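Report on the following structure.
Protein chains in written order, with our numbering: chain A, 1 to 309; chain B, 310 to 620.
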């Protein structure tokens, strides 16, 4: 394990673009995270007399139609986009790994059936189902009292979470729920070959329960492909969220993501007035992040020598 | 092959039923029926009449699994919840062909550009053209369609004035939207083609072909590409699903009167009849497309007969 990880690390470091991307991503994450205490109030502060101003010293990235600073909005939107992408990718990784590992390890008819289901799901209009899920289940979630509010003296009461956060949670669930298919295929392929290795046979001969073999013997050997495909799932999830926000079924205002900011920019775009900064900065940040994530995924793929798509 | 086809055809209705049930479940998850208007309370008699018009007086299983499908397919008078004067069939008939035309055009472009780009990258291995095409692919995968679309719109529509900025009906109006929709998938297909071609070029039969003295072009196009097309073919199903639903975004940018607006409006307004019909139309279309791709698989590569027992 230690020797392979060392060579994987060395191979990764030789990949200039991937290393640069990792640094850029860390920088982006750091900028979004560190500035949160200013960007959270800043993204909502309206200065109506300074609406739609181009970049200036006071507002380095310009202002939107309500005079809100685009700098804070872009940084805040980045936090939401990135955390939604990470959350959705996390969900996809858990489902995909569990599904693929079980299918590959059990094998036979069960495997055939499970993979057939994946094939079928691949060709579904998943975008439609994600939209439907986000709106319907989001509306239901707004009514379930699940947050406990403590009040002084009294026992407190339960209230539902706010609209913007319930939509955020539901979106992450929906996008994660449709993004695990590739992961399941790759993991199944890996497990199929791992299953035949002598050390697994030895574990079986020892009489270890299946659950333990899967968790303690197979899972550690899947770290490479899991890392690679988790990295490649994050940009997909961010991209999908930005599409939904662009169409108006994504996050709800006053919540903002790069996608919803870009949608606002496109909405305000017309031949008479071209407020380029409203479009350039959110789209630029989004595209650069996606590019860096894809480069990083490619680099990791080469480093871990993972095959498959 | 026949057995495989038959089995796929038999599971087809089952698959559609499962999708329909999922859609119904999702619709019923949201509170309310989508009939109550937001601003003011409807008088009870009006509400009752509206509920009866949409069969909400029936139990849910009868409404979703018998009355609505029958009214949609047989009577063809199932109205959309949000526009009472329009039946679902009328809306689909006016908007669906537009979206499908755009999707088919984009899918064709994506396959053409993708395979050509991937092949060029391999043909010019180690030269600057390969690096350019590999870099372009990564950028193409990373740029959201709305960014590509807006940039193309600004450059070719507004500044150069070469094409109309929106609308639908003339070929010139279809050009920019189709390219915008196709580019990310073209980039992905190019990557697939390149990787598969590089794999194929390492095989023995390619060395044999070269040893026979065939030209490099023939080796690449005749021998290697044929095998390299298989991954592309298996990507067609997911690509079609993504392109045909991805066209909603492009339609919004280029103001194309397709399904995009209807889909978003119906989901936001909980227009149950239109949502269910749309989901089913897309499910049927994509499932059929996938079936055809699977059958095509056996045609392209005679070694693969899907569902055949290993010898």
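By construction, the Cβ of each residue, glycine as well, lies at the ideal position given by its N, Cα and C atoms. Small disclaimer: the values here were computed from a predicted structure and weren't measured.
Query: What's the call for residue 587 of chain B, buried or exposed, on a 16-neighbour Cβ count within 10 Å?; Result: buried
Query: Is the Cβ of residue 622 of chain B closer than 9 Å to any Cβ of chain A?; Result: For chain B, the structure presents residues 310 to 620; residue 622 of chain B sits outside this window and is missing.
Query: Using a Cβ-Cβ cutoff of less than 6 Å, which residues in the same chain neighbour residue 77 of chain A once the five nearest sequence positions on both sides are dropped?; Result: 256, 257, 258, 261
Query: With 9 Å set as the bound, which would you pick, yes or no: does the beta-carbon of residue 566 of chain B sit closer than that to a beta-carbon of chain A?; Result: no
Query: Under three-state DSSP, which class holds residue 375 of chain B?; Result: helix
Query: Out of B:360, B:591, B:494, point me to the one whose CA is closest to residue 541 of chain B's CA.; Result: B:494
Query: Going by beta carbon distance, what residues of the same chain come within less than 7 Å of residue 315 of chain B, once the five residues before and after it are set aside?; Result: none
Query: In the DSSP output, which residue or residues are listed as bridge partners for residue 396 of chain B?; Result: B:388
Query: Let me see if you follow: with CB-CB separation under 9 Å, is residue 99 of chain A close to chain B or not?; Result: no
Query: Need the endpoints of the beta strand (DSSP E) that residue 147 of chain A sits in, please.; Result: 147-149
Query: Show which residues of chain A have a CB atom less than 8 Å away from the CB atom of residue 340 of chain B.; Result: 139, 140, 143
Query: Go through its chain and collect everything with a Cβ distance to residue 360 of chain B's Cβ below 8 Å, but skip five positions before and after it.; Result: 342, 344, 366
Query: Which whole-angstrom value describes the C-beta separation of residue 18 of chain A and residue 295 of chain A, a residue pair presumed to lie in contact below a C-beta threshold of 8 Å?; Result: 6 Å
Query: Is it right to say residue 240 of chain A is buried, meaning 16 or more other beta carbons lie within 10 angstroms of its own, or is it exposed?; Result: buried
Query: Closer than 9 Å, Cβ to Cβ, to anything on chain B: give me those residues from the stretch 111-142 of chain A, in chain order.; Result: 116, 119, 120, 122, 123, 124, 125, 126, 127, 128, 129, 131, 132, 133, 134, 135, 136, 137, 138, 139, 140, 142
Query: For residue 157 of chain A, which three-state DSSP category applies?; Result: strand
Query: How far does the alpha helix (DSSP H) with residue 240 of chain A in it extend, from its first residue to its last?; Result: 223-247
Query: Please confirm whether residue 562 of chain B has its beta-carbon closer than 9 Å to some beta-carbon of chain A.; Result: yes
Query: Can you give me, in chain order, the residues of the stretch 222-256 of chain A that have a beta carbon less than 8 Å from any beta carbon in chain B?; Result: 235, 239, 242, 243, 246, 247, 248, 249
Query: Ignore the nearest five residues each way along the sequence and tell me which others in residue 298 of chain A's own chain have a CB closer than 6 Å to its CB.; Result: none
Query: Taking only beta-carbon positions, decide if residue 299 of chain A is within less than 9 Å of chain B.; Result: no
Query: When the Cβ atoms of the stretch 31-48 of chain A are set against those of the stretch 242-250 of chain A, are three or more pairs found closer than 8 Å?; Result: no
Query: Evaluate residue 236 of chain A with the Cβ neighbour count: other Cβ atoms within 10 Å of its Cβ, from every protein chain shown; 16 or more gives buried, anything less gives exposed.; Result: buried
Query: Which bits of chain B does residue 283 of chain A rub up against, with CB to CB less than 7 Å?; Result: 456
Query: Using a C-beta cutoff of 9 Å, does residue 628 of chain B count as contacting chain A?; Result: Residue numbering for chain B in the displayed model covers 310 to 620; residue 628 of chain B lies beyond these limits and cannot be assessed.
Query: Along chain B, in chain order, which residues have C-beta atoms closer than 9 Å to that of residue 186 of chain A?; Result: Within chain B, no residue comes near residue 186 of chain A; the closest Cβ sits about 14 Å away, beyond 9 Å.
Query: Less than 9 Å between the beta carbons of residue 421 of chain B and residue 429 of chain B, yes or no?; Result: no
Query: Assess, as a yes-or-no matter, whether the stretch 186-195 of chain A is touched by the stretch 92-109 of chain A under the definition of 3 or more beta carbon pairs within less than 8 Å.; Result: yes
Query: Under 9 Å between beta-carbons, which chain B residues line up against residue 287 of chain A? List them in chain order, please.; Result: 448, 451, 452, 453, 456
Query: With a CB to CB cut of under 7 Å and the five nearest residues on each side skipped, what residues in its chain are close to residue 619 of chain B?; Result: Caution is warranted here: a pLDDT of 44 is assigned to residue 619 of chain B, below 50, making its placement in the model unreliable, and no coordinate value can be reported.
Query: With a CB to CB cut of under 6 Å and the five nearest residues on each side skipped, what residues in its chain are close to residue 616 of chain B?; Result: The predicted model places residue 616 of chain B with a pLDDT of 48, which falls under 50 and marks its position as unreliable; any figure quoted below should be read in that light. The answer, listed in chain order, is 313.
Query: For the stretch 345-369 of chain B, enumerate the residues whose C-beta is nearer than 9 Å to any C-beta of chain A, in chain order.; Result: none
Query: How far does the alpha helix (DSSP H) with residue 481 of chain B in it reach, from first residue to last?; Result: 480-510
Query: Mapping the DSSP letters down to three states, classify residue 69 of chain A as helix, strand or coil.; Result: strand
Query: Roughly how far, in whole angstroms, is the beta-carbon of residue 489 of chain B from the beta-carbon of residue 559 of chain B, given that I think they are within contact range, below 8 Å?; Result: 5 Å
Query: Helix, strand or coil for residue 97 of chain A? Go by DSSP, reduced to three states.; Result: helix
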